[in-house]
Each structure stands twice: as C-alpha cells, then as structure tokens.
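Undergrad: Would you mind keeping the following structure in view while I ask a few things?
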Amino acid sequence: MQKTNGFTLIELMVTIGVLAIIASIAAPSMNDFRKNQQIKEQENKLRLALTEARTEARLQNKPMTVKFSSATSGTSNTIFVDIDDSKFNFNMKNKKIVFYSNGLADISDGACLSISDLDGERTKALTIDKLGMLSNTSSCSGG
C-alpha cells in the first residue's frame, strides 16, 4: 500500500464542519460579552468623572460640579460627562452633582445613576451617598 502525504477531502470537510459548529456556539456569547463590556465601560467613565470631581474639589478647596450633558464649555470647576445616548439610556433625577471642598456631595437623599443598553437587557447603576462615596447597586428604584 502506497502512503500519501496530505489530507483527504473528507477530512477537510469534517474539520471545517466542526469549526463551523464551534463558531456558531461561540458567536452569541461573544456578542453578549461585548455588550456587557460596553456598559461596564460607560459605568467606569461615570465613576472616573465622579471620583475626579471629588478629588479636585478637595485639592483645589472649591466646589466641583459634574454635569451630565454633551456640552464641553463651562467654568474651570465643571466636569462634563457625555453618555452616548444613541447606544445607552442614562437616568438620573438631577443633571448635575456638586462636590464640596470637604469631599461631601450636594445630595439630599443620595443619588443613583443608571446606564442601560437601548433594549434594557443590561443595566449598571451607581449610588452616591452624602459623603460622596460611590457604590454599585443592581438598579435605581427612584430613577
């Protein structure tokens, strides 16, 4: 019997079929992973802006304001956070938060910021207490 090097057509077709099945199983979970990462990225953007404002208020010994809008012009003590509303829903009662020079936040009952994808399947929420501390929560009950 003569020995040949290489793959037969059947072996190649079976290999391609197995790879196609694996790819079809992995594709939906990869899409979910990507969407979860996009929400987490927006949450981290919010967290960074709020932490920066609190830190700057203490360092500069003056109030710092965080405004949630796409505007970029303002005073030197204003930080703007722009959430891409074509991809995400952003909910908060007030459109700004003020941190004072002692690190406290100007919030009467605490604040909750929530970000979700447009279909509402994935939501991340941050709460800010009167001390200006941030924490993750499952959802905002009051919006």
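In the UniProt record's numbering, the protein residues as written are 1 to 143.
We treat Cβ as the ideally placed atom computed from N, Cα and C, and that holds for glycine.
Keep in mind the model is a prediction, meaning the values are calculated, not measured.
1. Where does Leu-126 fall in DSSP's three states?
2. Alpha carbon to alpha carbon, how far is Leu-9 from Gly-17?
3. Could you tell me the boundaries of the alpha helix (DSSP H) in which Ile-39 lies?
4. If you draw a straight line from the C-alpha of Ala-23 to the C-alpha of Gly-6, how long is it?
5. Got a sec? Which residues, its chain only, sit under 8 Å from Ala-105 by beta carbon, not counting five neighbours each side?
6. Compare the C-alpha of Arg-58 against each of Asn-31, Asn-77, Leu-126, Phe-88 and name the closest.
7. What would DSSP say about Cys-112, mapped onto helix, strand or coil?
8. Based on DSSP bridge pairs, tell me the residues matched to Met-64.
9. Taking Lys-45 and Lys-67 to be in contact with their CB atoms under 8 Å, please state how far apart those CB atoms are, rounded to whole angstroms.
10. Secondary structure at Asp-82, three-state DSSP: helix, strand or coil?
TA: Well, looking at it:
1. strand
2. 12 Å
3. 9–60
4. 25 Å
5. Arg-54, Ile-97, Val-98, Phe-99, Ala-111, Ile-128, Asp-129, Lys-130, Leu-131, Gly-132
6. Asn-77
7. strand
8. Phe-99
9. So it is not a contact: roughly 14 Å between Cβ atoms.
10. coil
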